Every structure is written in structure tokens, then in C-alpha cells.
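For reference, the structure is listed below as C-alpha cells.
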Amino acid sequence: MEENQIPAHIGFIMDGNGRWAKKRGMPRNFGHSKGAEVFKKTINWCRELGVKCATFYAFSTENWRRPPDEVEGIMNLLRRYIKDIRAAAKENIRIIILGDIAPLAEDIRLELIDIMDSSKDNTEFIVGIALNYGGRDEITRAAKILAKKAEAHEIDPEHICEGSIEQLLYTSEMPPLDLVIRPSGEQRLSNFLIWQAAYAEFVFMDVLWPDFTKNDLRSAVTEYSQRNRRFGGI
Ligand code: FPP
């Protein structure tokens, strides 16, 4: 595959953990735990393929509606993986957290802020982790910031353009999103990177996230490379 056929930025909706666990008669958190292992492997598979950035949907603004023990289980997984995320940050990998981390437990929040800050000059690869993230929430926040600036006469509302919003998104320092991969058979975006996905390609796969392999990634990227992206042109 030529370099321009490799997506620069892939978004992963890590779906199907619960069903994967249920099929094995195990609690849902067992599926999330397997899913987190696949998250870690996928980062390396992306790097091997020449992808520059991968964003993972780990916890949405809507996921608080899940039973408290499941929410706690996902938060504990994050705690467990902070060491690995820190190790990645030492390998010239930049970590960007997308979402409002204010409601997260203080220990997780402080670790994440520190990891983001200490990795901000890393250039080899970017890992995005969407946590308490919602695409509508992200755009609403941008609108609020622009409205306050207009009210303070710092900007002229007439000059607000797409770029003004883009600069305020969590992805402002990431390459444009080229591809969204959603395993588990569901075919929707579920409030994930809704602005950024305007011209992204989508690959939906039947595999459940804990079973996602390097070959699945390869086949999604191959499918992407065969798509004819026109960005509204002809
Ligand atoms: C969706 O599957 C998955 C989630 C809501 C959680 C994903 C989180 C992880 C894989 C852990 C992330 C950890 C780190 C370290 C980033 P689902 O539970 O909705 O599956 P189902 O549709 O089969 O019920």
C-alpha cells in the first residue's frame, strides 16, 4: 500500500465487550478488561502500519448511565493501564485525552493531566483516548467559548468560520480523521467525533472488540485504501 492509502488518523469504537463476556458466561467487566488489552495491542499495530494517530472511544458522556459497578470497573481498568500509557509517552508517543475529565476521580485526573502535559512535544505517534467524551458536548463547548468571546468583543461573530470551531475541538492538534472502525456489527457513530467524521470513511465489522486482531485492522485499512474519497468534489 502506498503512503497516501494509509489513513493518518483512525478512530476506534471499542464495541462488543459486554456481548463477548456474556457469550462466555462472564461479567461484562471481563469483556472490558479483554478490550483494554486489545486497545494496547492496536496502538502497536497502527504504528507498524504507518498510521500517525489513533483515537479510542473508552467512555462516553452517556456511559454514566451504566450500572455503578460497570462504571467503576472501567475506571479501575484505566487506573491499571495508566502505567502502560505513561510508558508509551516515554516512547515519543503523544497522549491526548478527549472529553471533560473534571468528573473523573482525582487520582486518575491528575495522572492524565500529567501524562498529556509531559508528552505534548512527542512526535512519533498520537494516541487519543476519549473519556467522558461526547461529540455534541464537544461542539457545544466550542460554541460557548465563541459566544463568550463575542460577548467580550474579543471576536466579531461575522468572522466565525469552521476553523474557529475546529481550533477549539479536542482534536485540534491531530491529523484529520480518515477512518472510523466500529466492530460488533452495530452501524452508528454513537456521538463519537461527529464533527471530525464529516468526511471520514467508515468500516463496520462483525467481530467483537475483544476478538479484534491485527488482520482485522489490515483488512479495514485495505478496504479504506480502495475507497474513492471525493470530499464533495467529483
Ligand atoms: C462498549 O462495549 C465499550 C465500552 C463502553 C467501554 C470500552 C472501554 C474499554 C475497552 C476499556 C478502556 C481502557 C483503557 C485503558 C483505554 P459495550 O460494553 O457496549 O459492549 P456490548 O454492546 O456488547 O454491551
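Numbering (our numbering), first residue to last: 772 to 1005. Every residue gets a Cβ at the ideal spot worked out from N, C-alpha and C, and that includes glycine. Quick caveat: nothing in here was measured; it's all calculated off a predicted structure.
- Secondary structure note for Ile866: its beta strand (DSSP E) is the uninterrupted segment 864-869.
- Under DSSP, His780 forms a beta bridge with Cys824.
- Minimum Cα-Cα distance from Gly821 among the listed residues Ser961, Ser889, Met772, Leu917 corresponds to Met772.
- Distance from the C-beta of Tyr852 to the nearest heavy atom of the ligand FPP is below 8 Å.
- Cα atoms of Ile926 and Ser935: separation of roughly 10 Å, rounded to the nearest angstrom.
- Comparing C-alpha distances from Ala779 to each of Thr826, Asp786, Phe963, Arg799 shows the shortest one belongs to Thr826.
- Between Glu972 and Leu988, the beta carbon gap of about 14 Å keeps them out of contact (Cβ cut-off 8 Å).
- Of the candidates Glu819, Leu875, Tyr828, Asn903, Glu819 places its Cα closest to the Cα of Glu895.
- A check of alpha carbon separations from Phe801 across Cys817, Val842, Glu833 identifies Val842 as the nearest.
- At least one heavy atom of the ligand FPP lies closer than 8 Å to the C-beta of Phe827.
- Residue range 839-861 is occupied by the alpha helix (DSSP H) that includes Leu849.
- In this structure the region 776-791 touches the region 955-962; the number of beta carbon pairs closer than 8 Å is three or more.
- By alpha-carbon distance to Glu944, the top candidate from Glu929, Glu808, Phe810, Cys824 is Cys824.
- Close CB contacts of Glu937 within its chain, under the 7 Å cut and outside five residues either way in sequence, are with Ser943 (chain order).
- Assignment of Arg818 by DSSP, reduced to helix, strand and coil, places it in the helix class.
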